[in-house]
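Asker:
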Amino acid sequence: MQDFAAALKVTDAEEGVIGIRPGEVAVRVQHRCLRFSRHETFRIVHAVLPSEGVYVGSISVAYVDDRRMRSLNARYLDHRWTTDVLAFSYTTSGAVDGEVVVNLDQARRQAPHFGVRYGDEVRRLLVHGLLHLAGHVDDTPSRRDRMRRREDRYLASLTTRHARTNR
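In this note's numbering, the protein residues as written are -11 to 155.
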């Protein structure tokens, strides 16, 4: 997995950053058409992880398309299909170090299915990945329900907080 870590821990070339240091969040958009706000990404990372009682180490968030996600899913999980979000934890002790990869194509498809806007679905997927980095698992129905409730709580909090700051 180290080659994957090295590949994503390099932010966009125009930013001139070759890597990320502890306490930093790197955002990389690898999609030709769809986007999600870098500012919103930073805001979500710094809202969720500290609230989970973990220190933000080096966090990388990548927004990708179906093709890239399918490739990552095959390479690291041996699944031959795309998925909506992947989380890779590299935490050894103390601060949380890891990566969240969000599939923007899948978010666009899922949003109408769940009756939400595209941006809301991307937020949910990012929060979901961050909860995995914080140590939560969703491998059983009860754990999945518990994780969904946590996601809902964070999304409600982020929406309320965002609405207040924009008035």
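Where a beta carbon is used, it is the ideal one built from N, C-alpha and C, also for glycine. Here the structure is a predicted model, which is why all the values come from computation and not from measurement.
(1) Which partner residues of Ala14 appear in the DSSP bridge assignment?
(2) Taking the beta carbon of Ala14 as the centre, do at least 16 other beta carbons fall within 10 Å, making it buried, or is it exposed?
(3) To test your reading of the DSSP string, which unbroken beta strand (DSSP E) runs of 3 or more residues are found completely within the segment 38 to 113?
(4) Where Arg137 and Arg55 are concerned, what is the direct C-alpha to C-alpha distance, given to the nearest angstrom?
(5) By the three-class DSSP mapping on this structure, what secondary structure does Leu121 have?
(6) Residues in the same chain with beta-carbon distance under 6 Å from Val42, minus the five sequence neighbours each way, listed in chain order, please.
(7) Out of Ser81, Val88 and Gln94, point me to the one whose CA is closest to Val33's CA.
(8) Please report the Cβ distance between Val104 and Asn91, rounded to the nearest whole angstrom; I am assuming they are in contact, meaning their Cβ atoms lie under 8 Å.
(9) Starting from the C-beta of Phe30, find all residues in its chain whose C-beta is less than 6 Å away, skip the five residues before and the five after it, and write them out in chain order.
(10) Using the beta-carbon count (16 or more within 10 Å), is Arg23 buried or exposed?
(11) Among the residues of its own chain, which have a CB less than 7 Å from the CB of Arg112, if the five just before and after it don't count?
Answerer: Taking the definition as stated:
(1) As DSSP reads the structure, Ala14 sits in a beta bridge with Ser48.
(2) With at least 16 other beta carbons inside 10 angstroms of its own, Ala14 counts as buried.
(3) Within the segment 38 to 113, the complete beta strand (DSSP E) runs of at least 3 residues are 44 to 52, 73 to 77 and 84 to 91.
(4) Distance between the alpha carbons of Arg137 and Arg55 is about 30 Å.
(5) Residue state, collapsed to three classes: helix.
(6) Apart from sequence neighbours up to five positions away, the residues of its chain that approach Val42 with a beta-carbon distance below 6 Å are Val84 and Ala122, ordered along the chain.
(7) Of the residues Ser81, Val88 and Gln94, the one whose Cα lies closest to the Cα of Val33 is Val88.
(8) Not a contact, Cβ separation roughly 16 Å.
(9) Answer for Phe30: Val13, listed in chain order.
(10) Under this definition Arg23 is an exposed residue.
(11) Only residues of its own chain outside the window of five on either side were considered, and among them Glu139 and Leu143 have a CB closer than 7 Å to the CB of Arg112, listed in chain order.
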